[in-house]
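Asks: Take the first sequence: its letters are residues 51 to 920, numbered as in this note's numbering. Ideal Cβ positions, reconstructed from N, Cα and C, are used throughout, including at glycine.
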Amino acid sequence: MATERYNPRTAEPKWQKAWEEGKLFETKNDDPRDKYYVLEMFPYPSGRIHMGHVRNYTMGDVVARYKRAKGFNVLHPMGWDAFGMPAENAAMQNKTHPGKWTYANIDTMRGQLKSMGLSLDWSREFATCHVDYYRHQQAIFLDLLDKGLAYRGPGKVNWDPVDQTVLANEQVIDGKGWRSGADVEQREMQVWYFRITDFNEDLVSALATLDQWPEKVRLMQANWIGRSQGMSIRWALNGDNAPADETEIEVFTTRPDTLFGASFLAIAADHPIAKKLAAENPAVAEFCDECRRRGTSVIEIEKGEKFGFDTGLTVRHPLDPEITVPVWIANFVLMDYGTGAIFGCPSGDQRDLDFARKYGLPAVPVVLPKGADAASFALGDKAVEDAGTMINSGFLDGLTTTDAFDAVAKRLQADMLDGRPVGTHQIRFRLKDWGISRQRYWGCPIPVIHCDECGIVPVPKADLPVKLPDDVEFDRPGNPLDRHPTWRHVNCPQCGQAARRETDTMDTFVDSSWYFARFTAPWADTPTIPQAADAWLPVDQYIGGIEHAILHLLYSRFFTRAMRVADHLDIDEPFRGLFTQGMVVHETYRTKDGKWLEPGDVRLEGHDLTRKAFHFTTGEEVDIGPLEKMSKSKKNTIGPEDITQSYGADTARWFMLSDSPPERDVEWTDRGAEGAHRFIQRVWRLVAGNAIGVEAGDWSDAGEQSLGMLRATHKTLKAIGEDFERLAFNKAIARIHQLVNDIAAPIEAAATGAPADRAAAHSALSILVQLIAPVVPHLAEECWATLGHEGLIAAASWPSFDPKLVVEDSILLPVQINGKKRGEISVPVAADNATVEALVLAEDFVTAYLAGTAPKKVIVVPGRIVNIVA
RNA sequence: GCGGAUAUGGCGGAAUUGGUAGACGCGCCGGAUUUAGGUUCCGGUGCCGCAAGGCGUGGGGGUUCGAGUCCCUUUAUCCGCACCA
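(1) Any heavy atom of the ligand HEM closer than 7 Å to the Cβ of residue 835?
(2) Tell me which residue opens and which closes the beta strand (DSSP E) that residue 243 is part of.
(3) Once DSSP output is grouped into helix, strand and coil, what is the label at residue 51?
(4) Can you tell me which residues form a DSSP beta bridge with residue 210?
(5) Take residue 147 as the anchor and find which of 522, 651, 674 has the nearest alpha-carbon.
(6) Using three-state DSSP, classify residue 123 as helix, strand or coil.
(7) From the DSSP output, in three-state form, read off residue 151 for me.
(8) Between which two residues does the alpha helix (DSSP H) holding residue 433 run?
(9) Closest to residue 777 by CA distance: which of 88, 600, 132, 295 is it?
(10) Taking only runs that begin and end inside the region 71–149, name each unbroken alpha helix (DSSP H) of 4 or more residues, in chain order.
(11) Please confirm whether residue 550 and residue 500 have their CB atoms less than 8 Å apart.
(12) Which residues mark the beginning and the end of the alpha helix (DSSP H) in which residue 764 is found?
(13) Would you call the region 191–205 and the region 619–628 touching, i.e. three or more CB-CB distances under 8 Å?
(14) Tell me the rounded alpha-carbon separation between residue 627 and residue 537.
(15) Determine contact between the region 330–344 and the region 307–315, defined as no fewer than three beta-carbon pairs at a distance below 8 Å.
(16) Please state the DSSP three-state secondary structure of residue 541.
(17) Going along the chain, which unbroken runs of the alpha helix (DSSP H) with 4 or more residues stay wholly within the region 422–504?
(18) Rounded to whole angstroms, what is the Cα-Cα separation between residue 436 and residue 473?
(19) For residue 360 and residue 402, I'd like the C-alpha separation in whole angstroms.
(20) Which partner residues does residue 393 have in the DSSP bridge list?
(21) So is residue 497 buried or exposed if we call it buried at 16+ other beta carbons inside 10 Å?
(22) Classify residue 78: buried if its beta carbon has 16 or more other beta carbons within 10 angstroms, exposed otherwise.
(23) Based on DSSP bridge pairs, tell me the residues matched to residue 555.
(24) Since residue 781 and residue 792 should fall inside the 8 Å C-beta cutoff, what is the C-beta to C-beta distance between them, to a whole number of angstroms?
(25) What is the DSSP secondary structure of residue 697, counted as helix, strand or coil?
(26) From the DSSP secondary-structure annotation, give me the bridge partner or partners of residue 282.
(27) Just the C-alpha distance for residue 119 and residue 826, rounded to the nearest angstrom, thanks.
(28) Whole angstroms is fine: what's the gap from residue 337's alpha carbon to residue 394's?
(29) Given that a residue counts as buried once 16 or more other Cβ atoms are within 10 Å of its Cβ, and exposed if not, what is residue 238?
(30) For a test of the three-state rule: what should DSSP assign to residue 834, helix, strand or coil?
(31) Would you mind sorting residue 210 into buried or exposed? The rule is 16 or more other CB atoms within 10 Å of its CB.
(32) In angstroms with no decimal places, state the Cα-to-Cα distance between residue 51 and residue 800.
(33) Alpha carbon to alpha carbon, how far is residue 820 from residue 95? Give it in angstroms, no decimals.
(34) The alpha helix (DSSP H) that contains residue 725, what's its start and end?
(35) Check each candidate in 859, 824, 752, 918 and name the one with the smallest Cα separation from residue 814.
(36) Would you say the region 178–189 touches the region 97–111, given that touching needs at least three Cβ pairs under 8 Å?
Printed below as a string of structure tokens:
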């Protein structure tokens with residue numbers, strides 16, 4: 051009798067209901083078992099769940115279900131990173147309120163996630179845009195203000211002069227405002243900062259403790275924080291034409307050894323001296339404005355043309371006052387880095403060399419590269435950035451670059467300028483303080499009040515929350531909080547005089563910098579319950595996209611430290627294990643006139659190289675484009691419901707983890723999804739088709755074929771546990787395929803055999819179902835019940851492998867002759883090298899090769915390989 | 001520009017530490033069953049060659065008994081760069 055096909059459309063909702071009614075995934079804080087906290091980066095409620103989410107949350111769910119089966123008290127929560135710009139854009143476009151749009155999206159997406167069968171604790175769900183969340187964030191802000199970790203200072207923003215609004219970098223397209231098209235200006239204003247640089251040394255050194263983070267991410271963070279050792283050197287300005295009160299320019303350098311190669315000083319357009327010069331000289335002002343117009347993002351500056359302006363000022367060389375060096379303003383020098391001034395050494399730095407060549411500044415070689423001839427060496431188009439021997443450098447000549455560094459340091463620390471050393475050793479960081487002010491509505495209001503009498507006054511904690519007003523309009527650009535008729539007008543909490551609320555809201559990265567702590571006690575009327583946070587944290591396994599490798603993860607690490615200062619928790623690092631998963635990509639389709647088409651609009655014909663695409667309705671031939679991250683703009687998205695409705699959530703889950711290693715991109719293909727579904731049906735046939743014959747029992751008397759089947763099963767069980775621990779899902783899935791291939795025939799034979807064989811088949815099938823349960827939980831429940839097990843598999847313990855069943859007594863060793871495989875030999879596992887060597891040399895194919903000559907050497911790698919050098 | 005990564009059959013990929021390259025899946029070819037098709041089952045499938053055999057992990061060079069893996073060099077592609085989340 052043919053087994054009926056497994057029907058996910060009826061099975062999946064049934065088991066989801068059973069889990070929910072049994073409250074299987076609701077986690078208690080007072081559970082005595084060991085904790086395990088698995089967290090996926092929570093989603094921004096953009097509208098619908100996409101395949102990237104499915105992949106991310108499936109990975110987390112496999113870990114959660116596996117760890118739960120292993121006996122841990124697992125915390126696996128879900129929430130919404132719900133503040134942000136897209137909600138305001140939607141509000142402008144659709145004449146709705148950002149909150150309404152956001153909460154509607156959350157409802158949709160929650161439903162989609164639930165249909166995925168994720169083992170989430172929904173009782174801890176929250177959205178960061180809800181006042182019950184952001185009121186606590188305001189409390190934390192006040193604590194940080196109190197501890198000196200939040201402050202207000204000058205900052206630069208993109209200003210759209212037509213829309214009269216601040217723009218995000220994303221909203222600046224080729225230097226123009228995205229809506230107005232106006233040239234964007236850089237404007238300085240007072241903004242709020244978090245003092246992340248207070249922790250820069252710790253943030254970089256503690257990276258060494260994060261041994262369960264990808265090496266790549268740790269490196270990216272270290273480079274981002276950018277610790278560098280060097281010297282701060284003061285250059286005395288030559289007096290006659292220097293601006294008032296300016297006597298020197300301080301420069302930070304990591305290469306004081308190349309000081310004799312200095313041919314100019316370059317300062318940033320925002321350097322105080324440049325500003326003073328600009329105030330007097332329109333040509334300087336024009337040049338500085340031009341620098342600001344070119345944009346300030348690193349990428350624009352580094353890629354763009356380097357240009358400079360000769361100020362006419364000169365400075366005296368710190369090692370030889372006879373030498374004077376001109377001072378330029380240059381667009382590639384940033385006020386944010388170091389001191390906002392550099393000394394240009396054309397021979398030792400490619401950028402400086404290009405600059406010197408462009409403006410006819412001298413370029414004298416000071417480092418002789420290793421192996422170069424001193425007499426003939428000349429500087430070409432390439433600067434010498436590597437170590438070497440000093441030349442043309444006065445008292446440094448002949449020293450190595452390292453020794454020259456020390457010699458210069460010694461000298462400059464002894465030399466005095468205005469009673470202070472000319473040079474001092476310094477450690478500098480590239481990391482800047484975190485600017486958190488956003489001139490937007492849909493964010494957490496910064497809880498301070500500006501009073502003409504008292505200055506900046508924190509909102510008293512008793513007055514929290516500072517709630518966002520609901521009655522706002524998005525009919526024009528700018529921050530609705532600024533033009534709200536009443537919201538900003540309050541009395542000063544200190545003096546009672548009329549005062550103004552801060553209308554800046556916080557960067558949404560603040561919201562996501564502590565949500566993982568909030569999940570440990572989301573009901574608390576304080577930001578955290580410190581005991582709960584300390585018990586659950588750090589997150590044991592955090593999973594998310596590599597795009598967050600720097601900002602979100604660094605901010606969270608900072609926030610954890612800041613919250614410790616404010617006594618909200620007491621841990622070192624927020625995330626013990628980190629995994630960064632790859633994207634889900636899909637082919638793109640465009641008509642000949644360049645319009646994007648959805649996969650559903652396209653009909654594919656042919657195979658591989660001959661493959662062509664045609665527009666479904668017009669029949670027009672369509673260009674098949676490259677694999678791209680699924681995105682609305684390129685219309686190459688596949689929604690999870692497309693799959694769940696036809697194949698079920700398990701198919702989507704299985705496919706998302708198949709084939710591609712989880713850290714790499716995976717391509718969504720219909721064929722792949724079909725393959726995943728085929729496998730699900732295959733497992734169902736194997737289980738349901740044999741369920742009548744098998745039953746639990748003693749299999750110790752089972753036949754050799756049945757025991758072989760159990761050996762294969764237990765070996766796989768052992769290996770899969772290791773795969774899941776390492777998040778090697780693709781390998782686990784390959785192994786499960788292999789196992790099903792191996793045991794399908796023995797199962798069928800055993801199911802109609804002796805009681806011991808039928809018991810063996812029952813045992814093997816039960817283990818197989820448990821192995822797939824973390825990935826395809828609905829199918830596993832259906833199979834589990836069909837095999838006659840009581841209770842839900844979601845609540846069952848992970849099986850343990852039988853050590854007797856995973857060892858072999860003989861092993862097949864490959865035999866190489868001169869490094870080429872020529873045959874195999876079966877040897878006892880216990881055999882020593884001499885025995886193996888003797889056995890190998892007696893083999894026919896070996897003696898035939900050697901033809902009577904003695905081998906030069908025989909290498910036996912126990913358990914691995916034998917190589918004969920003839 | 002700076003920083004980071006990747007490269008293996010027709011395709012996605014596997015190969016714990018330097019030890020059988022191509023597991024597993026997709027696709028394709030052949031067969032069986034059913035047949036309206038799909039499904040299902042069995043066999044084959046790196047390349048060249050009739051075969052013996054040879055060649056094969058982006059290219060070039062090196063270390064080693066042995067290299068996808070280590071070293072040098074080179075090419076191509078991808079990602080991040082501080083107000084997108």
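Replies: This is what the structure gives:
(1) Among the ligands in the structure shown, none appear at all, so the ligand HEM cannot be discussed.
(2) Here the question's residue 243 lines up with position 193 in the first sequence. Bounds of the beta strand (DSSP E) holding residue 243 are 235–244.
(3) Within the first sequence, residue 51 is the residue found at index 1, counting from 1. The pLDDT assigned to residue 51 is 43, lower than 50, so where the model puts this residue is not dependable, and the model offers no usable value.
(4) The count along the first sequence starts at 1 and reaches residue 210 at position 160. Bridge partners of residue 210: 215.
(5) Looking up residue 147 in the first sequence gives position 97. If we check each option's Cα against that of residue 147, 522 comes out closest.
(6) For the purposes of this step, residue 123 is identified with residue 73 of the first sequence, where counting begins at 1. Correct three-state label for residue 123: strand.
(7) The residue you call residue 151 lines up with position 101 of the first sequence. Residue state, collapsed to three classes: helix.
(8) Residue mapping note: residue 433 aligns to position 383 of the first sequence, counting from 1. Unbroken run through residue 433: none, as it is neither H nor E.
(9) One-based indexing of the first sequence puts residue 777 at position 727. Measuring from the Cα of residue 777, the nearest candidate turns out to be 88.
(10) Counting only runs of 4 or more, we get 101–119, 135–144.
(11) Residue mapping note: residue 550 aligns to position 500 of the first sequence, counting from 1. Residue mapping note: residue 500 aligns to position 450 of the first sequence, counting from 1. Contact: yes.
(12) Residue numbering aside, residue 764 sits at position 714 when the first sequence is read from its first letter. Where residue 764 is concerned, the enclosing alpha helix (DSSP H) stretches over 754–775.
(13) Fewer than three Cβ pairs drawn from the region 191–205 and the region 619–628 lie within less than 8 Å of each other, which leaves the two stretches out of contact.
(14) The count along the first sequence starts at 1 and reaches residue 627 at position 577. The count along the first sequence starts at 1 and reaches residue 537 at position 487. Roughly 43 Å separates the two Cα atoms.
(15) Touching, no, given that fewer than three Cβ pairs across the two stretches are closer than 8 Å.
(16) For the purposes of this step, residue 541 is identified with residue 491 of the first sequence, where counting begins at 1. Reduced to three states, the DSSP call for residue 541 is strand.
(17) The region 422–504 contains, as complete alpha helix (DSSP H) runs of 4+ residues, the segments 451–464 (chain order).
(18) What you label residue 436 is simply residue 386 of the first sequence in a count that begins at 1. What you label residue 473 is simply residue 423 of the first sequence in a count that begins at 1. If you take the alpha carbons of residue 436 and residue 473, they lie about 23 Å apart.
(19) As a position in the first sequence, residue 360 is number 310, starting the count at 1. As a position in the first sequence, residue 402 is number 352, starting the count at 1. Distance from the CA of residue 360 to the CA of residue 402, rounded to the nearest whole angstrom, comes to 15 Å.
(20) As a first step, residue 393 must be located in the first sequence, where it is residue number 343. DSSP, once it has assigned bridges, lists 315 as partnering residue 393.
(21) In the first sequence, residue 497 corresponds to position 447, counting from 1. Buried, by the Cβ-count rule.
(22) Numbered from its first residue, the first sequence carries residue 78 at position 28. Label assigned to residue 78: exposed.
(23) As a position in the first sequence, residue 555 is number 505, starting the count at 1. DSSP lists 488, 495 as partners of residue 555.
(24) On the first sequence, residue 781 is found 731 positions in, with the first residue counted as 1. On the first sequence, residue 792 is found 742 positions in, with the first residue counted as 1. The Cβ separation is near 16 Å, so there is no contact.
(25) The residue given as residue 697 occupies position 647 in the first sequence. Note: residue 697 maps to coil in three-state DSSP.
(26) Position 232 of the first sequence, counted from the start, is the residue given in the question as residue 282. Residue pairing from DSSP places residue 282 in a beta bridge opposite 302, 474.
(27) Translated into the one-based positions of the first sequence, residue 119 becomes position 69. Translated into the one-based positions of the first sequence, residue 826 becomes position 776. One C-alpha to the other measures close to 14 Å.
(28) Numbered from its first residue, the first sequence carries residue 337 at position 287. Numbered from its first residue, the first sequence carries residue 394 at position 344. Spanning the two alpha carbons is a distance of roughly 19 Å.
(29) As a working mapping, residue 238 is identified with position 188 in the first sequence. Exposed, by the Cβ-count rule.
(30) As a first step, residue 834 must be located in the first sequence, where it is residue number 784. Looking at residue 834 - three-state DSSP - the assignment turns out to be helix.
(31) As a first step, residue 210 must be located in the first sequence, where it is residue number 160. Looking at its Cβ environment, which holds 16 or more other Cβ atoms inside 10 Å, residue 210 is buried.
(32) Translated into positions along the first sequence, residue 51 becomes position 1. Translated into positions along the first sequence, residue 800 becomes position 750. Bear in mind that a pLDDT of 43 at residue 51, under 50, signals an unreliable position, so the model cannot answer this.
(33) Position 45 of the first sequence, counted from the first residue, corresponds to residue 95. Position 770 of the first sequence, counted from the first residue, corresponds to residue 820. So the alpha carbons of these two residues sit roughly 33 Å apart.
(34) Working through the first sequence from its first residue, we reach residue 725 at position 675. 720–740 is the span of the alpha helix (DSSP H), which, as asked, contains residue 725.
(35) Residue 814 sits at position 764 when you count from the first residue of the first sequence. Among 859, 824, 752, 918, the Cα nearest to that of residue 814 is on 752.
(36) Judged by Cβ distances under 8 Å, the region 178–189 makes no contact with the region 97–111, as fewer than three pairs qualify.
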